[in-house]
Amino acid sequence: MVDEDITIESRLAEQEYFSPPEEFVEQANMADPAVYDRFDEFPEGFEEYAEMLDWDEQWDEVLDDSNPPFYEWFVGGKLNASHNCIDRHLDERKNQTALLWEGEDGEQRNVSYQDLYREVNAMAAALRSMGVEEDDVVTIHLPMVPALPITMLACARIGAPHSVVFAGFSASALANRVDSADSDHVVTIDGYYRRGDFLDHIEKADEAMAAVDGDPEVLAWTRHDEPQVDVSDDYTMVADLLDDHHGETVEPVSRDAEDPLFLMYTSGTTGEPKGCQHRTGGYLAYATGTSKYVEDIKPEDTYWCMADIGWITGHSYIVYGPLALGTTTVMYEGTPDYPHKGRTWDIAEKYDVDIFHTSPTAVRQFMKWGEEELEGYDFDFRHMTTVGEPIQPEAWLWYYKHIGGEDAAIVDTWWQTENGGHLITNLPAIQDMKPGSAGRPAPGIEPAILDDEGNEIGAEAGEAGNLAITRPWPGMLQTVYGNDERFIAEYWERFSDTDSDDSEDWVYEAGDAAVKGTDGYYRILGRLDDVMNVAGHRLGTMELESAVAEVDDVAEAAVAARDDAEKGEVPDVYVTVREGVEESEAVRERIVGAVEDGIGKFARPANVLFVDDLPKTRSGKIMRRLLEDISNDDELGNTSTLADPSVPEEIRDQLRAD
Ligand code: WT7
Numbered sequence: 171m172v173d174e175d176i177t178i179e180s181r182l183a184e185q186e187y188f189s190p191p192e193e194f195v196e197q198a199n200m201a202d203p204a205v206y207d208r209f210d211e212f213p214e215g216f217e218e219y220a221e222m223l224d225w226d227e228q229w230d231e232v233l234d235d236s237n238p239p240f241y242e243w244f245v246g247g248k249l250n251a252s253h254n255c256i257d258r259h260l261d262e263r264k265n266q267t268a269l270l271w272e273g274e275d276g277e278q279r280n281v282s283y284q285d286l287y288r289e290v291n292a293m294a295a296a297l298r299s300m301g302v303e304e305d306d307v308v309t310i311h312l313p314m315v316p317a318l319p320i321t322m323l324a325c326a327r328i329g330a331p332h333s334v335v336f337a338g339f340s341a342s343a344l345a346n347r348v349d350s351a352d353s354d355h356v357v358t359i360d361g362y363y364r365r366g367d368f369l370d371h372i373e374k375a376d377e378a379m380a381a382v383d384g385d386p387e388v389l390a391w392t393r394h395d396e397p398q399v400d401v402s403d404d405y406t407m408v409a410d411l412l413d414d415h416h417g418e419t420v421e422p423v424s425r426d427a428e429d430p431l432f433l434m435y436t437s438g439t440t441g442e443p444k445g446c447q448h449r450t451g452g453y454l455a456y457a458t459g460t461s462k463y464v465e466d467i468k469p470e471d472t473y474w475c476m477a478d479i480g481w482i483t484g485h486s487y488i489v490y491g492p493l494a495l496g497t498t499t500v501m502y503e504g505t506p507d508y509p510h511k512g513r514t515w516d517i518a519e520k521y522d523v524d525i526f527h528t529s530p531t532a533v534r535q536f537m538k539w540g541e542e543e544l545e546g547y548d549f550d551f552r553h554m555t556t557v558g559e560p561i562q563p564e565a566w567l568w569y570y571k572h573i574g575g576e577d578a579a580i581v582d583t584w585w586q587t588e589n590g591g592h593l594i595t596n597l598p599a600i601q602d603m604k605p606g607s608a609g610r611p612a613p614g615i616e617p618a619i620l621d622d623e624g625n626e627i628g629a630e631a632g633e634a635g636n637l638a639i640t641r642p643w644p645g646m647l648q649t650v651y652g653n654d655e656r657f658i659a660e661y662w663e664r665f666s667d668t669d670s671d672d673s674e675d676w677v678y679e680a681g682d683a684a685v686k687g688t689d690g691y692y693r694i695l696g697r698l699d700d701v702m703n704v705a706g707h708r709l710g711t712m713e714l715e716s717a718v719a720e721v722d723d724v725a726e727a728a729v730a731a732r733d734d735a736e737k738g739e740v741p742d743v744y745v746t747v748r749e750g751v752e753e754s755e756a757v758r759e760r761i762v763g764a765v766e767d768g769i770g771k772f773a774r775p776a777n778v779l780f781v782d783d784l785p786k787t788r789s790g791k792i793m794r795r796l797l798e799d800i801s802n803d804d805e806l807g808n809t810s811t812l813a814d815p816s817v818p819e820e821i822r823d824q825l826r827a828d
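In terms of this note's numbering, the sequence shown opens at residue 171 and continues consecutively.
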C-alpha cells in the first residue's frame, strides 16, 4: 500500500532549478539532447553503450525478449571484462595510474595499468592453481584495499563469477552467502584499519569456515608484507601463490555476453538474502555507458567514489565502469573522520580529484561537522554525485554550495543492486539540477508510477505511487542465483501478466515509492516494502528479526525504521520476552550482540524496546507500519484491521512511561 505519509511528503514545496556551469557543458562527454531519441530506438539504442567495449565476437541480436523476464542481451557476443578494464588500455596508458589507493594509516599506492595487468594476471594464475575453474563462484570478503579489485578482475579474467561480501558483514552472514553460492573458494585478508585500529579479519573467516556446509579453500591476502594476526595453516597465503606465479600471463577467457560476471547478495523482504546475478556483456556495457555519460568520466580524470566496493555502487562505479573507461579511480581504506574530519578534503586536494561521488548520509555528516572542516583545503570538483538514499533539498544545497563551490554539476542517481547502473538520473550537461529530485530517466529507461492496481498515475496528478520500469535494460539482473521463481515473485509478479510471453506485459517492480512531476522529474520517496535504508545500506527487517529471534529470551520481535537525521533510517527493535524472563539490560545486550553476529556491526539496532504485545492483524501478521509510527512519534495509521486495536496506544503509553 502506498503510505499516506509518503503522499503528504510528495507535496513538499517545489524547488528551483540550477543550470550546469557552462564550462562543464562545454567539456561534457554527452551534451547532445538527441541522445534520448537515439536510445528510444529500443532496444538498438543500447548498442551505443556496448560499442564502448572491445568484443571478441560481435553480437547477432541486441535483445532476445522471447522468454520474459529472462531477457538476453547482446546475444552471440563474446568479451572479457578484465581485458576491457585492463589490457585494452595498455597501448595508450600503461604507465597511467589505474588504482590510486590511500590506506587509513597514510600508506599510498599508485597501481598503474601495467601494474594492474601484472598483478591481475598473477592472481588469475594463482586462482587457477587452486582449482578455480570457469563458472566457479569465488566468494571475496575483502575490505577497501587493492587486493579487492585485483581479485575481482582476476576472477573475471578466468570467467569465474565473483561474489563480494562487504567486509563489515559478520562471519555468519559470510557463511550464509558462501553456502548459498555453493562457493568452493573464499578470499580474505589478515586485517585492515578502521579508526586507527587494525581489525582482525581472519577471525571472521575462521568462524565462517566452522559454520559453512562445505569445505571451501581459503586464500588469505595480507595488509602488510607479513601477517599481523594468526592465520591458520589450513589457509593458503596469497603472497606465496603470487611468488609462484609472478610474471605469468593468463589469456582472458572469452565469455558469452550472457555468462554471469558476478553475484551480489542483497536484502529482500524475507530473511534470506538474494544473490542478484549479473551478466557480463549487458552489465559491463551499462556500467561503462553510464560512467561515461552520467559520471562524465574521462581517462585523464581523477575520479573518487567514496562507496565501498563491497556494495553494488563500488562494483559499477569504482571498479568496472571507471576502469573500462581507462581513468584513475581512487580508493580509500578508512573512514572520513580519521584521524580528523578533514580527511576527505585532504585526499581530494592531494590527488586533485575532479569527480566526487558519495551518499546523502555522508553529505549530512559533513554538514553536521560544519563548513569549518573544509577550511584551508584547496580542491575543485567538476562533477559530484549522490546515490543510495533520497537527499533532502537542504543537504543538496549545502553540498552544492560548500563542497561544489557552486560551480560543479551534480547528479542524484537512483538505482538498485538489481539494476547494474543508474536508472533515474539527469545527464548533467543536458538537464538542470533540482534539489531533492533524482531527475529524468536515464537514456532508454522507461519508468512509470503505478497505483496499487497497476494503473499508471500521470504526472498531472502529482500523486505518489509504486515505481516500476516497463522495459528491460542491459544492466538488469539475470535472475536470483539458483532461484528463478523467487526472481519472478520478487520483481515481476505484482505488475506483470505472468502467463504472457510478450515482454510488454512484464513490468519490473522496484519496491520504492516515487512521484513524477509535470517537468518529468522523479522524486524518490523511499521503500514501500519491509526493507530499510541505514546510511545507504539496505537491510531487510525480516533479516534483522531472524537475527533477534536467535536470542532465547525473546518470544517475538519486530523491527521498525526510525527516521534519523544523519543515517536516514535506523532500526528499532520491539520485543516481547518469554515467560519468566526479566526485561533487563543483559537481554538488551544479547539482542544487540545477536544482530552484530548475525549481520554485522553496521546493522546495530538504535533502540531495543520491551513491550507486552506487538500489533497484529487478525490473521497474525505484525503491522510494522504502526511500530514505525510509534518510533517516529507520528500519528498512528489505520488500526482497524488489528486483532486488538488498543495495542499500539498501549505500547506508546508504555514507552512514554519508561
Ligand atoms: C535502494 C536500493 C545502487 C545504489 C546504492 C543502493 C534507495 C538508491 C537512491 C536515490 C533515493 C535511493 C532506494 C532503492 N535509493 N538511490 N538516488 N534517491 N533513494 O543500492 O542497496 O540496492 O538499495 O536504495 O530505496 O530501492 P541498494
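We put the CB at the ideal spot given by N, CA and C, even for glycine.
With burial defined as no fewer than 16 other Cβ atoms inside 10 Å of the residue's Cβ, what is the status of residue i: buried or exposed?
i	result
ASN237	exposed
HIS416	exposed
GLN648	buried
ASP305	exposed
ARG788	exposed
ASN589	buried
ASP360	buried
MET171	Residue placement at MET171 is flagged as unreliable, the pLDDT there being 49, under the threshold of 50; a coordinate-derived value is accordingly withheld.
GLN197	exposed
GLY540	exposed
GLN601	buried
GLY790	exposed
VAL704	buried
ILE178	In this prediction, ILE178 scores a pLDDT of 47, lower than 50, which makes its location untrustworthy; the coordinate-derived value is nonetheless stated afterwards. Classification of ILE178: exposed, given that the 10 Å Cβ count is below 16.
ALA165	The displayed coordinates of the chain run from 171 to 828. Any statement about residue 165 would go beyond what the structure contains.
Among the options, which has the Cα closest to the Cα of residue i?
i	options	result
ASN808	SER801, ILE800, ASN802, LEU796	LEU796
THR746	VAL523, PHE780, ALA773	PHE780
GLU396	ASP507, ALA409, GLY441	ALA409
VAL762	GLU588, ASN777, THR787	ASN777
SER670	TYR570, ILE658, LEU389	ILE658
GLU303	HIS311, ALA345, SER353	SER353
LYS737	VAL232, GLU752, GLY706	GLY706
ASP383	ASP734, GLU576, SER342	SER342
GLU726	PRO319, LEU709, VAL751	VAL751
TRP515	TYR547, THR556, ALA719, VAL307	TYR547
ALA378	ASP275, VAL356, PRO430, THR392	VAL356
GLY690	SER486, GLU655, ALA618	ALA618
GLY635	ALA612, LYS511, ASP699, ASP210	ASP699
Since residue i contacts residue j with CB under 8 Å, what's their CB separation in whole angstroms?
i	j	result
ALA494	THR472	So it is not a contact: roughly 17 Å between Cβ atoms.
GLY574	MET603	Rounded, the Cβ-Cβ distance is 10 Å, inconsistent with contact.
ARG748	ASN802	That belief does not hold up - the Cβ atoms of ARG748 and ASN802 are roughly 28 Å apart, past 8 Å.
ASN250	GLU418	At roughly 17 Å, the Cβ-Cβ gap does not stay under 8 Å, so ASN250 and GLU418 are not in contact.
THR640	GLU616	5 Å
ILE769	GLU713	6 Å
ASP550	ASN199	About 19 Å; that fails the 8 Å criterion.
VAL348	HIS332	No, VAL348 and HIS332 are not in contact; Cβ-Cβ is about 12 Å, not under 8 Å.
ASP734	VAL740	5 Å
TRP271	PRO316	5 Å
VAL420	ALA295	5 Å
MET300	LEU433	Going by Cβ atoms, the distance from MET300 to LEU433 rounds to 19 Å, so no, they are not a contact pair.
ILE328	LEU318	The pair is not a contact, with the Cβ atoms about 17 Å apart (cut-off 8 Å).
Would you list the residues sitting across from residue i in a DSSP beta bridge?
i	result
ALA731	PRO741
PHE432	HIS332, HIS448
ILE310	VAL334, VAL357
VAL302	Paired residue(s): none; VAL302 is not in a bridge.
TRP391	ILE359
ASN346	Per DSSP, none; premise fails for ASN346.
TYR678	ILE639
ILE594	TRP584, PRO611
HIS527	CYS475, THR555
LYS874	There is simply no residue 874 to check, as the chain begins at 171 and stops at 828 in what is shown.
GLY770	PHE339
PHE212	DSSP lists no partner for PHE212.
THR746	GLU726
CB of residue i to nearest heavy atom of the ligand NAD: below 7 Å?
i	result
VAL557	The ligand NAD is not part of this structure, which contains only the ligand WT7.
Q.
Ignoring anything shorter than 3 residues, give me the beta strand (DSSP E) runs that lie fully in the stretch 230 to 297, in order along the chain.
A. 231 to 234, 242 to 245, 267 to 272, 278 to 282
Q) Can you list, in chain order, the stretches of the alpha helix (DSSP H) that have 4 or more residues and sit fully within the stretch 644 to 673? A) List check, alpha helix (DSSP H) in window: 654 to 661.
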